[in-house]
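Structure first, commentary second.
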Amino acid sequence: IMLLRLVVSPRSRLAAPLSAAARPLSSGSVDITVPLNFWAGQRRTSRDKCNKENVYEPATGRVLCHLGPCGAVEVDQAVKAAKLAFGPWSKLSGMERARVMIEAAHIIESRREEIAETEVVNNGKSITEARLDVDSARLCIEYYAGLASTLAGQHVQLPGGSFAYTRREPLGVCAGIGAWNYPFQIAAWKSAPALACGNSMVFKPSPVTPVTAVLLAEIYMQAGAPE
């Protein structure tokens, strides 16, 4: 669950496509027109229509999109949606959660270039670094997917033939806060361990680089996570 599929519209469709190596990634040619707030399986428009914040494209300084602010009402709605998702997600076995997370990693791999290019446009880093960030996010999700099925309790033998045991249970709704420097990567770092343990999450990305976090939310949902 993210407090925050992304549509980008090129300003001109007349130019012939360039190769990936030659194509300028931050050329002032991308507009993002859809809401960036996302919970309960949908993009959401905030109630506050007057105080939208500009999100800039660092390479050109132009306004890339607008971020609708979330107040107490929206935060409450996001948390309620996360609580609803927590119910079925926490009841899955570790192996079942691992399957969803591995599928999410596969989707990230298949959309690597799209995510990396979007990161370049919103964050301003090089395409090489952005690709490495996407790879790191995918590997993080794969790692915690591998741990999901191992989160078992302990059996302790006690004197007199008695025994004790422990069991690991999900906590509930977790909160994550992102940063501007690794937007997609940090969203994965925060969400993967929480999801592997059976929790749900409300994630707040940086207001200056909010664009790719919503992609990860949609990828999790596409992979089979509850809305």
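If you want this note's numbering, it's the position in the sequence shown, counting the first as 1, plus 8. For every residue, glycine included, the Cβ atom is placed at its ideal position computed from N, Cα and C.
Note that the C-beta distance between I116 and R139 is not below 8 angstroms. For the pair A200 and V71, the Cα-to-Cα distance works out to about 31 angstroms.
Of the candidates P66, P178 and C73, the residue whose Cα lies closest to the Cα of K60 is C73. Contact annotation: T136 and L223 have beta-carbon atoms that are not nearer than 8 angstroms.
Excluding five sequence positions before and after A106, the CB atoms of its chain that fall closer than 6 angstroms to its own CB belong to A153, A156 and S157, given in chain order. V216: not part of any beta strand (DSSP E); DSSP gives it neither H nor E. Secondary structure note for A106: its alpha helix (DSSP H) is the uninterrupted segment G102 to S118. For E137, the enclosing alpha helix (DSSP H) stretches over residues I135 to A156. Annotated three-state conformation of L224 is helix, per DSSP.
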